[in-house]
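Chemist:
There are 2 protein chains.
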Amino acid sequence: MIGRLVVVGVGLIGGSFAAALRRAGAVAEVVGLGRSRAALGRAQELGLIDAAYDDAAQALRGADLVMLAMPVGATRAALERIAPHLGPATIVTDAGSTKSDVVAAARAALGAAFPRFVPGHPIAGAEKSGADAAFAELFQGRKTVLTPVAETSPDAAREVRAAWVACGADVREMPAEAHDAIFAAVSHLPHLLAYALVHEVASRPEAGTLFEYAASGFRDFTRIASSHPEMWRDVCVANRAALSRELARYRAALDAMQRLVDAGDGPALEAVFRDAREARDRWIAGRQ
Amino acid sequence: MIGRLVVVGVGLIGGSFAAALRRAGAVAEVVGLGRSRAALGRAQELGLIDAAYDDAAQALRGADLVMLAMPVGATRAALERIAPHLGPATIVTDAGSTKSDVVAAARAALGAAFPRFVPGHPIAGAEKSGADAAFAELFQGRKTVLTPVAETSPDAAREVRAAWVACGADVREMPAEAHDAIFAAVSHLPHLLAYALVHEVASRPEAGTLFEYAASGFRDFTRIASSHPEMWRDVCVANRAALSRELARYRAALDAMQRLVDAGDGPALEAVFRDAREARDRWIAGRQ
Chain L
74 MIGRLVVVGV
84 GLIGGSFAAA
94 LRRAGAVAEV
104 VGLGRSRAAL
114 GRAQELGLID
124 AAYDDAAQAL
134 RGADLVMLAM
144 PVGATRAALE
154 RIAPHLGPAT
164 IVTDAGSTKS
174 DVVAAARAAL
184 GAAFPRFVPG
194 HPIAGAEKSG
204 ADAAFAELFQ
214 GRKTVLTPVA
224 ETSPDAAREV
234 RAAWVACGAD
244 VREMPAEAHD
254 AIFAAVSHLP
264 HLLAYALVHE
274 VASRPEAGTL
284 FEYAASGFRD
294 FTRIASSHPE
304 MWRDVCVANR
314 AALSRELARY
324 RAALDAMQRL
334 VDAGDGPALE
344 AVFRDAREAR
354 DRWIAGRQ
Chain F
74 MIGRLVVVGV
84 GLIGGSFAAA
94 LRRAGAVAEV
104 VGLGRSRAAL
114 GRAQELGLID
124 AAYDDAAQAL
134 RGADLVMLAM
144 PVGATRAALE
154 RIAPHLGPAT
164 IVTDAGSTKS
174 DVVAAARAAL
184 GAAFPRFVPG
194 HPIAGAEKSG
204 ADAAFAELFQ
214 GRKTVLTPVA
224 ETSPDAAREV
234 RAAWVACGAD
244 VREMPAEAHD
254 AIFAAVSHLP
264 HLLAYALVHE
274 VASRPEAGTL
284 FEYAASGFRD
294 FTRIASSHPE
304 MWRDVCVANR
314 AALSRELARY
324 RAALDAMQRL
334 VDAGDGPALE
344 AVFRDAREAR
354 DRWIAGRQ
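Given below as structure tokens:
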């Protein structure tokens, strides 16, 4: 049982984490910490938090667990803000989409408290953001990846794992670098590609006509281009090394596709399409 | 009222066209023409067609309208097969995803009957294909684009338009070249990009791990990579001039994205993402 949970960033992820723990009876008190009275007031109105603080010392008094749920670019500043006020047993975790950079920031900002920092990433997002989008079932059956390092306290990792299990998540562990490489390929790159396509189409004089004839294929392909721009800016900057490698690989794949298209090489195109469909269909079947 | 409708290719599109016309009371008799007894037998079992023929002369006897619904690469051969048996008033249309190549094929294959050929493209697809996927509501509220040429008989175009209206479609007209340029951008390119991404991921030694962590963003982004490989091979070959231009533009856009990622240029990435999200959100709002 978590006595006091402090959520920094009571949006979709932070708010849903609080709601899920509360629904599971796994937390006694949830407080929000932040500078926007309006956002915290709304979270309180929605019943996601019991109290709202803009003072870190007050919020962190007697805290068992602190959840940092914000664009990864803001994580370093948040860690620095809470660091001086952490109790000797307070555990800190985060929900950032990238992990190597967050680990580095925590190592620098938390000092002696670093072993009680457990880096995490729930694989549950949505184009929607903000406290109003939060709901207790968001993590049900979804993976949460924890990336503890050598110094991480096993007790702290166990507590954070238990919290995610209480939220209904399927908890996995791996090194931060492995996490960042995997998500660069299956999440960060597709977001970048979708944003780039919509931006390219929207920037043309005939954009109106193009959008008029765009159908459900375009809609689904670009769904993730309705994601939060600041969050994805931070992801792309924080994970730029791995993302750069993925983008370069994909550009090479498109160079090859361009050659096939220009040559009108039907059999080679069909082989690529067939292989892709089979791989995707196997994946979809395995998910169900 | 269409007396006899001949559907060549009783799959998702051809079968749904027949079902929609029948539901609207706009057709008296639907016959299927093809070489696969099994496929036609299934279509007959499903009530999509009243009779099945493998002989073009028999199928076309007294036909008012012929619908060619097949991968565009097979259209030329189908046109050549039906050409000798067309009655003096029989109208021919198609449902191919590309139009310039189909117009050229019809001009070459139909000779004196070419003015009664009305090129068409219903903007309604699905990853599913085959007669079992067909349903009468498929075209309801969806656009169908007709691309008649100077020689096309206005009466024939009117008949085909009326058939699509009876199916519930929102019928538009434009030149074949405009059609092909638009769909290269908003349909053919996204399909190619989705296929290429899944193929690239699936070809790696660590593909299993990558797919294990792929989530709903990847699922939706790649939905169209579960589309019919032969159909999309034909589209890419038939429309390779326009698709090649689109792919080149997109590759240039990705070159620019690579520079921004490598430079860690957060503000510039955010500007692209914000612009894309706004454009997409406006488009989605306008669709509803």
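Quick note, the sequences are listed as chains L and F, same order.
Mapping the first sequence onto this note's numbering, position 233 (from 1) lands on 306, and the numbers just tick up by one.
Mapping the second sequence onto this note's numbering, position 29 (from 1) lands on 102, and the numbers just tick up by one.
From the three backbone atoms N, C-alpha and C, an ideal C-beta is built for every residue, glycine too.
One question on the structure: do F:A326 and L:A269 come within less than 9 Å of each other, judged by their Cβ atoms?
Modeler: Yes. Within cutoff.
Chemist: Answer yes if the stretch 328-342 of chain L comes into contact with the stretch 257-267 of chain L, meaning at least three C-beta pairs across the two stretches below 8 Å, and no otherwise.
Modeler: No: fewer than three Cβ pairs fall under 8 Å.
Chemist: Closest to F:A315 by CA distance: which of F:F256, F:E273, F:P278 and F:T295 is it?
Modeler: Ranking F:F256, F:E273, F:P278 and F:T295 by Cα distance to F:A315 puts F:F256 first.
Chemist: Return helix, strand or coil for L:R324, following the three-state DSSP convention.
Modeler: L:R324 falls in the helix class under three-state DSSP.
Chemist: Hey, out of F:E224, F:S170, F:A125 and F:A116, whose CA is closest to F:H301's CA?
Modeler: It is F:S170 whose Cα lies nearest to the Cα of F:H301.
Chemist: For my contact list, F:Y286 and L:V259 are in at a C-beta cut-off of 8 Å; report their separation, rounded to the angstrom.
Modeler: 6 Å between Cβ atoms; contact.
Chemist: Output needed for F:R95: all residues of its chain with C-beta closer than 7 Å, excluding positions within five of it in sequence on either side, in chain order.
Modeler: Closer than 7 Å at Cβ, skipping near neighbours: V103.
Chemist: So, is F:A249 buried or exposed, given that buried needs 16 or more other C-beta atoms within 10 angstroms?
Modeler: Result: buried.
Chemist: Give the range of the alpha helix (DSSP H) segment to which L:D228 is assigned.
Modeler: It spans P227 to A239 - the alpha helix (DSSP H) in which L:D228 sits, taken as one unbroken run.
Chemist: I'd like to confirm the pairing. Which residues does DSSP put opposite L:L138 in its beta bridges?
Modeler: DSSP, once it has assigned bridges, lists L:L78 and L:I164 as partnering L:L138.
Chemist: Does chain F have any CB closer than 9 Å to the CB of L:I357?
Modeler: True, the Cβ-Cβ gap to chain F drops below 9 Å.
Chemist: Using the three-state DSSP reduction, which class does L:D205 fall into: helix, strand or coil?
Modeler: In the structure shown, L:D205 sits in a helix (DSSP, three-state: H, G or I).
Chemist: Give the DSSP-derived three-state secondary structure of L:D348 in the structure shown.
Modeler: Reduced to three states, the DSSP call for L:D348 is helix.
Chemist: Return the CA-CA distance between L:A209 and F:L262, expressed in angstroms with no decimal places.
Modeler: Rounded to the nearest angstrom, the two C-alpha atoms are 38 Å apart.
Chemist: So with Cβ pairs under 9 Å, would you call F:E362 a contact of chain L?
Modeler: As shown, chain F starts at 74 and ends at 361. That puts residue 362 of chain F outside it, with no answer to give.
Chemist: Taking buried to mean at least 16 other C-beta atoms within 10 Å of its own C-beta, is F:M74 buried or exposed?
Modeler: That one is exposed.
Chemist: Could you name the residues of the stretch 323-351 of chain F whose beta carbon sits closer than 7 Å to any beta carbon of chain L, in the order they occur along the chain?
Modeler: Flagged, chain order: Y323, R324, A326, L327, M330, Q331, V334, D335, G337, G339, L342, E343, V345, F346, R347, D348, A349 and R350.
Chemist: I'd like to confirm the pairing. Which residues does DSSP put opposite F:G193 in its beta bridges?
Modeler: Note: F:G193 sits in a beta bridge opposite F:L219.
Chemist: Who does L:A124 pair with in a DSSP beta bridge?
Modeler: Answer is L:V104, bridged to L:A124.
Chemist: Out of L:R115, L:E343, L:G160 and L:A142, which has the shortest C-alpha to C-alpha gap to L:A132?
Modeler: Among L:R115, L:E343, L:G160 and L:A142, the Cα nearest to that of L:A132 is on L:G160.
Chemist: Between the Cα of L:D127 and those of L:G120, L:G214 and L:A111, spot the shortest distance and give me the residue it belongs to.
Modeler: Ranking L:G120, L:G214 and L:A111 by Cα distance to L:D127 puts L:A111 first.
Chemist: DSSP three-state label for L:V83, please.
Modeler: L:V83: coil per DSSP, three-state reduction.
Chemist: Just the Cα atoms here: how many angstroms apart are F:G98 and L:V274?
Modeler: Taking the straight line from one Cα to the other gives about 41 Å.
Chemist: Between L:F212 and L:T166, what straight-line distance do the alpha-carbon atoms span, to the nearest angstrom?
Modeler: If I take the Cα positions, the gap works out to 16 Å.
Chemist: Please state whether DSSP places L:R318 in a helix, a strand or coil.
Modeler: If DSSP states are grouped into helix, strand and coil, L:R318 belongs with the helices.
Chemist: Mapping DSSP to helix, strand and coil, what is F:E246?
Modeler: F:E246: strand per DSSP, three-state reduction.
Chemist: Please classify F:K172 as buried or exposed, where buried requires at least 16 neighbouring CB atoms within 10 angstroms.
Modeler: By the neighbour-count rule (16 or more Cβ atoms within 10 Å), F:K172 is buried.
Chemist: Can you tell me the Cα-Cα spacing of L:R215 and L:F284, whole angstroms?
Modeler: Near 33 Å, if we compare the C-alpha coordinates of L:F284 and L:R215.
Chemist: Could you give the first and the last residue of the continuous alpha helix (DSSP H) run that contains F:A147?
Modeler: No alpha helix (DSSP H) holds F:A147; DSSP gives it neither H nor E.
Chemist: Thinking C-beta only, is F:A235 closer than 9 Å to F:T217?
Modeler: No, Cβ-Cβ distance for F:T217 and F:A235 is not below 9 Å.
Chemist: Name the residue from F:A178, F:V175 and F:A130 whose alpha carbon lies nearest to the alpha carbon of F:V79.
Modeler: Nearest of F:A178, F:V175 and F:A130 to F:V79, Cα basis: F:A130.
Chemist: What residues in the stretch 218-237 of chain F have a beta carbon less than 9 Å from any beta carbon of chain L?
Modeler: From the stretch 218-237 of chain F, only V218 have a Cβ closer than 9 Å to chain L.
Chemist: Taking F:S260 as the query, report the chain L residues whose CB atoms sit under 9 Å from its CB, ordered along the chain.
Modeler: Those are Y286, A287, A288, G290 and F291, listed as they occur along chain L.
Chemist: Where F:L219 and L:G198 are concerned, what is the direct C-alpha to C-alpha distance, given to the nearest angstrom?
Modeler: Straight-line Cα distance between these residues: approximately 40 Å.
Chemist: Checking 9 Å against the spacing of the C-beta atoms, do L:G105 and L:V81 come in under that value?
Modeler: Yes, they are a contact pair.
Chemist: In whole angstroms, what separates the C-alpha of L:V223 from that of F:D335?
Modeler: The sequence given here has Ala at residue 223 of chain L, not Val. Distance between the alpha carbons of L:A223 and F:D335: 30 Å.
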